[in-house]
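Trainee: Have a look at this one.
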Ligand SMILES: NC(=O)c1ccc[n+]([C@@H]2O[C@H](COP(=O)([O-])OP(=O)(O)OC[C@H]3O[C@@H](n4cnc5c(N)ncnc54)[C@H](O)[C@@H]3O)[C@@H](O)[C@H]2O)c1
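Residue numbers (the UniProt record's numbering): 1 to 247.
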């Protein structure tokens, strides 16, 4: 896999899975735009690590749920780099609670960032990728979007929405040299899962045939594959990276 001279945008690239994806694509040669919303010092650390590898990198603050922010993000990337070859829609949040206790804001915010954010960024890069006649878009979904989960109806709906969106856009862009796929991680060790109680983690383990949590790098390796020429003939797919949870 070789991404030398290519430009990748990774949303929510300042930590967790997004950070691992940004570093992996950079290791394989790509220049990276690291998007983030808070804690600029985290994004700057990722940028510094990428520059140490000899690649170009910039950190761009933008809330993916806001159309204007996303347009500014894309404008800045276009100003800095000649092409946009890869978009990884990774930014995501959880606001877990049972439906009966869910506030409208919990629903709206999760859908706005996870689902509308994916739509906003994809729409904003599509024109350029169509002109280039090439591009790779990878959306980070979740096994929860496939299986559902108690206390995550908002999150599951956003991730199931991402899967439907991925398949539709893959069909729309298939003749334009643009591959659109989704990766559905299972339970991966990041800040998002750190907050789970030991009890919940133990109960989760009973559903994971491999009996271990995944690492951000496990997800990054699959994203890199989907962004590479090795995955030239793959589009509209959802690849589960979950130790066998969904099969
Ligand atoms: N950790 C897991 O077990 C797991 C499992 C399945 C799917 N996922 C998905 O993987 C992705 C990354 O998750 P993570 O575990 O690394 O989480 P994380 O909380 O560590 O990182 C999330 C990233 O998204 C960014 N972000 C949040 N809101 C944003 C916004 N409005 N605009 C731009 N960026 C924003 C954050 O700044 C952060 O960089 C998410 O889409 C998540 O749903 C994670």
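Glycine included, each C-beta is placed from N, C-alpha and C at the ideal position. Fair warning: this is a prediction, and the values are worked out from it, not measured in the lab.
Does DSSP put residue 182 in a helix, a strand or coil?
Mentor: Taking the chain shown and counting its residues from 1, the one referred to as residue 182 is at position 182. The answer is strand: DSSP assigns residue 182 an E or B state.
Trainee: Run through the DSSP bridge pairs and tell me what residue 61 is partnered with.
Mentor: Numbered from 1 along the chain shown, position 61 holds the residue referred to as residue 61. Residue 61 pairs with 36.
Trainee: Starting from residue 111, trace the alpha helix (DSSP H) both ways and give me its first and last residue.
Mentor: Looking up residue 111 in the chain shown gives position 111. No alpha helix (DSSP H) holds residue 111; DSSP gives it neither H nor E.
Trainee: At a cut-off of 7 Å, is residue 203 close to ligand 3 when judged by its beta-carbon and the heavy atoms of the ligand?
Mentor: Only ligand 1 can be found as ligands here, which leaves ligand 3 out of the picture.
Trainee: When burial is assigned at 16 or more other CB atoms within 10 Å of the CB, is residue 89 buried or exposed?
Mentor: By one-based count along the chain shown, residue 89 stands at place 89. Classification for residue 89: buried.
Trainee: Can you name, in chain order, every residue of its own chain whose Cβ lies under 8 Å from the Cβ of residue 144, other than the five neighbours on each side?
Mentor: Locating residue 144 in the chain shown gives position 144, counting from the first residue. Answer for residue 144: 152, 155, 156, 159, listed in chain order.
Trainee: For residue 208, which residues of its own chain have a beta-carbon under 8 Å away from its beta-carbon, when the five flanking residues on both sides are left out?
Mentor: Indexing the chain shown from 1 puts residue 208 at position 208. Here the set comprises 186, 187, 242, 243, 244, 245.
Trainee: Measuring only from the beta carbon, is residue 15 closer than 7 Å to any heavy atom that is part of ligand 1?
Mentor: Position 15 of the chain shown, counted from the start, is the residue given in the question as residue 15. Yes; taking the cut-off as 7 Å, the Cβ of residue 15 has a heavy atom of ligand 1 nearer than that.
Trainee: Quick one: any contact between the stretch 214-223 and the stretch 10-24, if contact means 3 or more CB pairs under 8 Å?
Mentor: Output reads yes: the stretch 10-24 touches the stretch 214-223.
Trainee: For residue 2, which residues in the same chain have their Cβ closer than 6 Å to its Cβ, ignoring the five residues on either side in sequence?
Mentor: Indexing the chain shown from 1 puts residue 2 at position 2. Excluding sequence neighbours, residue 2 sits near 29.
Trainee: On the three-state DSSP scale, how would you describe residue 222?
Mentor: In the chain shown, the residue the question calls residue 222 occupies position 222. Residue 222 falls in the helix class under three-state DSSP.
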